[in-house]
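Visitor: Got a structure here, written out as C-alpha cells. Questions coming.
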Amino acid sequence: MTQPIIINHPEEDGAVAKSSAWKIALADFYTTLSCVFFVLWITSQIPEDAKTGVAEWFQGKDTQSLNFIKRTYGEVSVDDTAMIDGRADNQNDKTEQGADSDVAGVDMTEIYRKLKSMVREDAAQVLMDKDAEIIEIQFSSDFLFRSGSASLSEKARGGIAEVGEVLGTTPVFVHVFGYADNRRINSQRYPSNLHLSAHRAISVIGALTAGGVEHNRATLHAEGELNPIGDNETVAGRRMNRRVVAYVTKSSELPDAIEEAQ
Numbered sequence: 001m002t003q004p005i006i007i008n009h010p011e012e013d014g015a016v017a018k019s020s021a022w023k024i025a026l027a028d029f030y031t032t033l034s035c036v037f038f039v040l041w042i043t044s045q046i047p048e049d050a051k052t053g054v055a056e057w058f059q060g061k062d063t064q065s066l067n068f069i070k071r072t073y074g075e076v077s078v079d080d081t082a083m084i085d086g087r088a089d090n091q092n093d094k095t096e097q098g099a100d101s102d103v104a105g106v107d108m109t110e111i112y113r114k115l116k117s118m119v120r121e122d123a124a125q126v127l128m129d130k131d132a133e134i135i136e137i138q139f140s141s142d143f144l145f146r147s148g149s150a151s152l153s154e155k156a157r158g159g160i161a162e163v164g165e166v167l168g169t170t171p172v173f174v175h176v177f178g179y180a181d182n183r184r185i186n187s188q189r190y191p192s193n194l195h196l197s198a199h200r201a202i203s204v205i206g207a208l209t210a211g212g213v214e215h216n217r218a219t220l221h222a223e224g225e226l227n228p229i230g231d232n233e234t235v236a237g238r239r240m241n242r243r244v245v246a247y248v249t250k251s252s253e254l255p256d257a258i259e260e261a262q
C-alpha cells in the first residue's frame with residue numbers, strides 16, 4: 001500500500017508572524033502621533049501672553065523676588081524662594097538690601113511726570129501719593145483685554161512696554177495687582193475670576209519686562225473679585241472693577257499704604 005507523502009512547511013508560521021508584525025508597528029505609530037497632536041492641542045489652549053510671561057520669567061537673571069498671589073493662595077517667603085533657587089538665606093538678604101539701597105536716590109516725581117505725559121487717559125490713570133513715594137498706574141482691563149481673555153492687544157502690549165522702558169531705566173520695584181468683577185467665569189482656561197485676574201497680571205508683567213523692567217523687581221498679586229472700587233450691580237461699576245494696577249515703589253516690600261488699600 002502506498003504511503004501518503006506529507007510535506008511540512010515550517011516556514012509558514014514565521015511568515016504568518018511576519019505578516020502581522022506591521023500591525024503592531026502601525027499601532028505604535030498611531031499612538032505616538034495621537035500623543036503629539038494632544039500635546040499640540042494642549043499648548044494651543046494656553047494664552048500667548050501667559051506663555052510669553054512664563055518664558056521671560058525663566059530667562060530672568062534671578063528668581064528671588066517671587067511673591068506669588070498674596071492673600072488667596074498665600075505668599076512665598078524669601079526662605080521658600082531660596083529653596084527654589086538654591087541660594088543661601090544670607091545671600092538673598094544681601095541682594096535685597098542692595099536692591100533697596102540702589103533705589104534710595106530715585107526721583108519718583110520725575111518718573112511720575114514722564115509717565116503722566118506719555119500715558120493716554122483713556123488707557124490708564126497715573127497717580128502719585130502725597131509723599132511722592134508711590135506711583136499708581138491703573139489700567140482698564142477693557143482697554144487691555146477682550147472680554148474673558150488675558151491676551152493683550154498689540155496696541156496695549158506696545159504701550160505697556162513703553163512704560164516698562166521708562167521704569168527700566170531706574171532701580172524701582174513694580175507690584176502688579178490683577179482684579180475682576182463679580183460676574184462668574186468658568187471657562188476651560190480660567191476656572192474662576194481669580195485665575196483670570198492672575199493671568200491678566202502676568203500679561204502686564206510680561207509686557208513691562210519686555211520693555212526693560214528687571215524680572216527680580218516685579219511682583220505679582222491676584223485679587224480676583226476682592227476689593228472692588230465700583231458697584232458690581234451696574235455696568236459702569238463692573239467696568240471699574242475689571243482692572244490691573246501697577247504700583248511703582250522704592251521698596252521690594254509692599255508699603256503699608258498699599259497693604260491697607262487692599
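Here the sequence shown is numbered in full-length UniProt numbering, starting from 1 and rising by one per residue.
Backbone N, C-alpha and C fix where the C-beta goes; we use that ideal spot for every residue, glycine too.
If you're wondering where the values come from, they're calculated on a predicted model, not measured in any experiment.
First and last residue of the alpha helix (DSSP H) that includes R113?
Guide: The sequence position of residue 113 within the sequence shown is 113, counting from 1. Unbroken alpha helix (DSSP H) run through R113: 108-118.
Visitor: Quick one: what's got a C-beta closer than 7 Å to M240's C-beta in the same chain, skipping five residues either side?
Guide: Indexing the sequence shown from 1 puts residue 240 at position 240. Cβ within range, chain order: I229, G230.
Visitor: CB-CB under 6 Å to I137, same chain, minus the five flanking residues each way: which ones, in chain order?
Guide: Counted from its first residue, the sequence shown places residue 137 at position 137. For I137, where only same-chain residues beyond five positions count, the Cβ hits under 6 Å are A124, V126, A246.
Visitor: From the DSSP output, in three-state form, read off Y30 for me.
Guide: The count along the sequence shown starts at 1 and reaches residue 30 at position 30. DSSP places Y30 in helix when its eight states are reduced to three.
Visitor: Taking one C-beta from the segment 186-196 and one from the segment 161-169 each time, how about it: are there three or more such pairs within less than 8 Å?
Guide: Touching, no.
Visitor: Compute the distance between the beta-carbons of V176 and L144, then report whether it is under 8 Å.
Guide: Taking the first residue of the sequence shown as position 1, residue 176 is located at position 176. Taking the first residue of the sequence shown as position 1, residue 144 is located at position 144. Going by C-beta atoms, V176 is not nearer than 8 Å to L144.
Visitor: What's the call for E223, buried or exposed, on a 16-neighbour Cβ count within 10 Å?
Guide: Taking the sequence shown and counting its residues from 1, one reaches residue 223 at position 223. E223 comes out buried.
Visitor: Check for me: the alpha helix (DSSP H) holding S203 runs from which residue to which?
Guide: Numbered from 1 along the sequence shown, position 203 holds the residue referred to as residue 203. Per DSSP, S203 belongs to the alpha helix (DSSP H) from 193-211.
Visitor: Taking all protein chains shown into account, decide if E154 is buried (16 or more other Cβ within 10 angstroms of its Cβ) or exposed.
Guide: Numbered from its first residue, the sequence shown carries residue 154 at position 154. It is exposed - the Cβ of E154 has fewer than 16 other Cβ atoms within 10 Å.
Visitor: Going by beta carbon distance, what residues of the same chain come within less than 7 Å of G237, once the five residues before and after it are set aside?
Guide: As a working mapping, residue 237 is identified with position 237 in the sequence shown. Here the set comprises G230, D231.
Visitor: Please list, in chain order, all residues of the same chain as L254 whose beta carbon is under 7 Å from its beta carbon, the five residues on each side excluded.
Guide: As a first step, residue 254 is located in the sequence shown; it is residue number 254 there, counting from the start. Within the same chain, L254 has close Cβ partners H175.
Visitor: Considering only C-alpha positions, which residue in the set L152, I160, T234 is nearest to V213?
Guide: Locating residue 213 in the sequence shown gives position 213, where the first residue counts as 1. Nearest option by C-alpha distance: I160.
Visitor: Please state whether DSSP places S140 in a helix, a strand or coil.
Guide: Residue 140 sits at position 140 when you count from the first residue of the sequence shown. Three-state DSSP puts S140 in a strand.
Visitor: Where does G211 land, buried or exposed, given buried means 16+ other C-beta within 10 angstroms?
Guide: Within the sequence shown, numbered from 1, the residue matching residue 211 stands at position 211. G211 is buried by the Cβ-count criterion.
Visitor: Is A236 helix, strand or coil when you go by DSSP?
Guide: Stepping through the sequence shown from its first residue, residue 236 is reached at position 236. Looking at A236 - three-state DSSP - the assignment turns out to be helix.
Visitor: Measuring only the C-alpha atoms, how far is A25 from F37?
Guide: Locating residue 25 in the sequence shown gives position 25, counting from the first residue. Locating residue 37 in the sequence shown gives position 37, counting from the first residue. Their Cα atoms are separated by approximately 19 Å.
Visitor: Using only the alpha-carbon positions, how far apart do L208 and A218 sit?
Guide: Position 208 of the sequence shown holds residue 208. Position 218 of the sequence shown holds residue 218. So the two alpha carbons sit approximately 9 Å from each other.
Visitor: Can you tell me where the alpha helix (DSSP H) with E162 in it begins and where it stops?
Guide: The sequence position of residue 162 within the sequence shown is 162, counting from 1. From DSSP, the alpha helix (DSSP H) with E162 extends over 154-168.
Visitor: Closer than 6 Å by C-beta to K94: which residues in its own chain qualify, once you throw out the five before and the five after it? Chain order, please.
Guide: Translated into the one-based positions of the sequence shown, residue 94 becomes position 94. Bear in mind that the predicted position of K94 carries a pLDDT of just 42, short of 50, making it unreliable; the figure below should be weighed with that in mind. The answer is none, since no qualifying residue turns up.
Visitor: Could you tell me which of S151, F139, L196 sits nearest to N182, measuring between CA atoms?
Guide: For the purposes of this step, residue 182 is taken as residue 182 along the sequence shown, with counting starting at 1. Of S151, F139, L196, the residue nearest in Cα terms is L196.
Visitor: Which word fits R157, buried or exposed, when buried means at least 16 other C-beta atoms lie within 10 angstroms of its C-beta?
Guide: Taking the first residue of the sequence shown as 1, we reach residue 157 at position 157. Label assigned to R157: buried.
Visitor: DSSP three-state call for V172: helix, strand or coil?
Guide: Counting from 1 along the sequence shown, the entry for residue 172 is found at position 172. DSSP places V172 in coil when its eight states are reduced to three.
Visitor: How should R113 be labelled, buried or exposed, when 16 other C-beta atoms within 10 angstroms of its C-beta is the threshold for buried?
Guide: For the purposes of this step, residue 113 is taken as the residue at position 113 of the sequence shown. Under this definition R113 is an exposed residue.
Visitor: Among all the DSSP beta bridges, which residues are the ones paired with H221?
Guide: The residue labelled residue 221 in the question sits at position 221 within the sequence shown. Looking at the DSSP assignment, H221 forms a beta bridge with F177.
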